[in-house]
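Just so we're aligned, residue 74 is where the sequence shown starts under our numbering, counting upward by one. All residues carry an ideal CB built from backbone N, CA and C; glycine is no exception. What follows is a set of notes on a single structure, which appears directly below.
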Amino acid sequence: MSSIADSIPTLEDAAMNTFTTFGTGPRKVLVLPGLFGARPLEPMLAMADGDACQYVVMDYRGYGASRALPGLCHLREVVIDAIRLLDYLGWTHAHVLGHSMGALAAQMLAVAAPRRIRSIVSLAGLGAQGASRDPAHRRLMSEAAHDLAKRAAVIDNGTGKRYGAAQVRLLAEASWDAMKPEAFAAYAADAAATDIQREVDGSAVPFHAIVGAHDPAASEKSTRETSLRWYRDSSLTVLAGAGHYPSIETPLQAIAAIESFLREAESAAREKEKLAA
């Protein structure tokens, strides 16, 4: 299997992605959203410690303000665009926070640019093995690109079917205009076709997984059996009140867990730099 760095496509279109910034602090955090885009992260990031951290949320090609930007809409393209964004921001080092599919992209980024990524935070994240390859799940994700009811079903499943139909539909509607349907379908298909287990197995990058107790996909059990075994320096937080969308369901608890880990990871990274100097 070729390395991620070798297999990232070279794009003639070098246009810069758009992004949203939360905070101005010295601790730099690149945020890679999930399949439903950046909007679900906003309730959590609105409560972030902006004096300590600066969060930059990336818009993928086909999403948000980058909706019209042409591209392949594959995760390797996300990685190369993320590296361009780091360069544009002037960030030599950064932590990377990924939600759901974005956590898989975050791990790919750490493989492609290991000296630049200080830590990975996986928020209800896909493991390095990628998304489910179950045919019924893949069909649902494909149909959800163009069908609001199917998109609501994805959210309902991910939250453990604990909310009313009206709430689930509102969440689905909030995502409807946030991305091109073709981009949604392409990223979903690529997440199910991606597997980088071999490339992360034994990684020394500090890795923290935050999972919702009611998340049937990114569960505590599956995370312990995969990511926590593959990453040598790994830890886990379980949020009792959350499913697959902790940034909406338990925003205060989610950002508190993220920032507690980031403080420790930043301190450890700076100590390593001192010893290496």
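Neighbourhood of residue i by C-beta, 7 Å cutoff - its chain only, sequence neighbours within 5 removed
i: S75; result: Caution applies to S75, whose pLDDT of 37 falls short of 50 and renders its modelled position unreliable; the model cannot decide the point.
i: K253; result: G135 and R140
i: L162; result: V129
i: A247; result: R112
i: L213; result: K223, A226 and V227
CA nearest to the CA of residue i, picked from the options
i: P319; options: E150, Q180 and S195; result: S195
i: G96; options: A111, G123, A141 and L105; result: G123
i: G107; options: L221, L243 and A179; result: A179
i: L105; options: D263, D268 and A176; result: A176
i: A282; options: F109, Y304 and P143; result: Y304
i: R191; options: L301, R100 and V152; result: R100
i: V130; options: A209, G231, T310 and L159; result: L159
i: F334; options: T310, G316 and M174; result: T310
i: Y236; options: H287, I269 and G144; result: H287
i: R206; options: L142, E344, A290 and E337; result: A290
i: A262; options: F109, A204, A350 and M117; result: A204
i: P116; options: P324, E337, E346 and S300; result: P324
i: E150; options: L301, E346 and D132; result: D132
i: E272; options: S300, A251 and T165; result: S300
i: Q326; options: L312, R336 and A239; result: L312
i: L148; options: D220, W164 and M174; result: M174
i: I193; options: F109, A251, D268 and E337; result: E337
Sequence-distant residues of the same chain with beta carbon closer than 6 Å to residue i, five excluded per side
i: P113; result: Y318, S320 and I321
i: V102; result: C126, Y128, H168 and L170
i: S215; result: A258
i: V227; result: A217
i: S308; result: H281
i: Q270; result: A201 and Q202
i: A350; result: none
Distance between beta carbons of residue j and residue i, contact taken as under 8 Å
i: A167; j: R211; result: A167 to R211, Cβ: 32 Å. No contact.
i: T91; j: A121; result: With 8 Å as the limit, T91 and A121 do not qualify as a contact, their Cβ atoms being about 20 Å apart.
i: G285; j: A197; result: 6 Å
i: L182; j: A222; result: That belief does not hold up - the Cβ atoms of L182 and A222 are roughly 34 Å apart, past 8 Å.
i: T93; j: A111; result: 6 Å
i: G233; j: G314; result: That belief does not hold up - the Cβ atoms of G233 and G314 are roughly 11 Å apart, past 8 Å.
Cβ-based neighbour list, residue i, same chain, cut-off 8 Å, excluding 5 preceding and 5 following
i: L348; result: none
i: E255; result: G135, C146 and A218
i: D306; result: A277, V278, P279 and F280
i: G98; result: D122, G123, D124, A125, C126 and Q127
Legend entry - alpha helix (DSSP H) runs wholly inside the stretch 129–171, at least 4 long, in chain order: Counting only runs of 4 or more, we get 148–162.
Inset, instruction - Would you check if there are 3 or more beta carbon pairs closer than 8 Å linking the stretch 235–246 to the stretch 329–343? - result: Taking 8 Å as the limit for Cβ pairs, the verdict is that the stretch 329–343 does not touch the stretch 235–246.
Inset, instruction - Check whether the stretch 184–191 touches the stretch 269–281, counting contact only when three or more Cβ pairs, one atom from each stretch, lie closer than 8 Å. - result: Contact between the stretch 184–191 and the stretch 269–281 is present: 3 or more CB-CB pairs across the two stretches fall below 8 Å.
Inset, instruction - Could you tell me whether the stretch 197–206 touches the stretch 290–309, where touching means 3 or more Cβ pairs closer than 8 Å? - result: Yes, the stretch 197–206 is in contact with the stretch 290–309.
Legend entry - Ordered list of alpha helix (DSSP H) runs contained in the stretch 231–293, each at least 4 residues: With a minimum length of 4 residues, the continuous alpha helix (DSSP H) runs that stay inside the stretch 231–293 are 238–249, 254–266 and 270–273.
Legend entry - Runs of beta strand (DSSP E) wholly within the stretch 181–216 (minimum 3 residues, chain order): Runs of the beta strand (DSSP E) inside the stretch 181–216: 190–196.
Inset, instruction - Note down, one range per segment and in chain order, each beta strand (DSSP E) of at least 3 residues found wholly within the stretch 288–322. - result: As far as the stretch 288–322 is concerned, its whole beta strand (DSSP E) runs of at least 3 residues are 307–312.
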